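In terms of numbering that gives the first Met the number 0, the sequence shown has 115 at position 116, counting the first letter as 1, and numbering is strictly consecutive.
Structure, as structure tokens:
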Amino acid sequence: MGKRSCPGDLARFSVAVPEDLLAAFDDLLARRGDDANRSSAIRDLMRAALVEEALKTPDAEVIGSLTMIYDHHTGDLTRRLDEVQHDYTAEIVSTMHVHLDHHNCLEILALRGTGARIYELADRLLSLRGVRHGKLTCSATETSLEL
């Protein structure tokens with residue numbers, strides 16, 4: 000019988016890429032200035048692709064953040080933002096609110112829950128009149144943290 004792999008075992012494989020693509024990739028790693036090497040960078044890209052695929056499943060557990068910039072003087076926007084957020088208290092782990100200037104606020108929500116609920120929350124908040132910019136970033140799922 001052959002040797003069985005354990006989750007922490009490393010597998011080696013070869014990848015053929017154009018030289019200019021590899022040079023650009025190496026330049027990117029050098030600009031980052033950290034200890035990243037090709038292997039760890041490719042592992043990160045693989046994990047990101049797996050997370051992105053998992054996020055397409057509505058019942059997948061998602062961890063992420065929602066960033067919004069809005070004009071708090073727009074109608075009753077502050078009240079509407081609060082109402083929506085109160086409907087998702089199980090998914091909102093934490094919030095940070097920053098006053099940017101006299102009109103504009105930055106709000107960041109740390110989120111955790113099923114993809115369906117997280118995307119629904121983001122859609123409801125970002126569609127409110129007065130929200131000038133927003134972006135949902137889902138960076139991990141429960142299972143991807145184990146990869």
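We put the beta carbon where it would ideally sit given N, CA and C, even for glycine.
Values in this document were obtained by computation on a predicted structure and should not be read as measured data.
Hey, residue i and residue j are a contact pair by Cβ (cut 8 Å); roughly how many whole angstroms apart?
i, j, result
"Leu127", "Leu65", "Their Cβ separation, rounded to whole angstroms, is 12 Å, which puts Leu127 and Leu65 out of contact at 8 Å."
"Gly114", "Asp58", "7 Å"
"Gly32", "Ile117", "Actually they are not in contact, since the Cβ atoms of Gly32 and Ile117 sit about 32 Å apart, beyond 8 Å."
With H, G and I counted as helix, E and B as strand and the rest as coil, what does DSSP make of residue i?
i, result
"Tyr69", "strand"
"Ala15", "coil"
"His101", "coil"
"Arg131", "strand"
"Glu60", "strand"
Leaving out five residues on either side along the sequence, give the residues of the same chain with a beta carbon under 6 Å from the beta carbon of residue i.
i, result
"Met95", "Ile107"
"His132", "Ile68"
With residue i as the anchor, note down where its alpha helix (DSSP H) starts and where it stops.
i, result
"Asp81", "Leu76 to His85"
"Ser38", "Arg37 to Ala53"
"Asp122", "Gly114 to Leu125"
I'd like the list of long-range same chain contacts for residue i, defined as Cβ closer than 8 Å, with 5 residues on each side in sequence excluded.
i, result
"Ser77", "Correcting the residue identity first, residue 77 is Thr in this sequence and not Ser. Answer for Thr77: His71, listed in chain order."
* **the region 66-73 / the region 84-91 touching (three or more Cβ pairs under 8 Å)** => no
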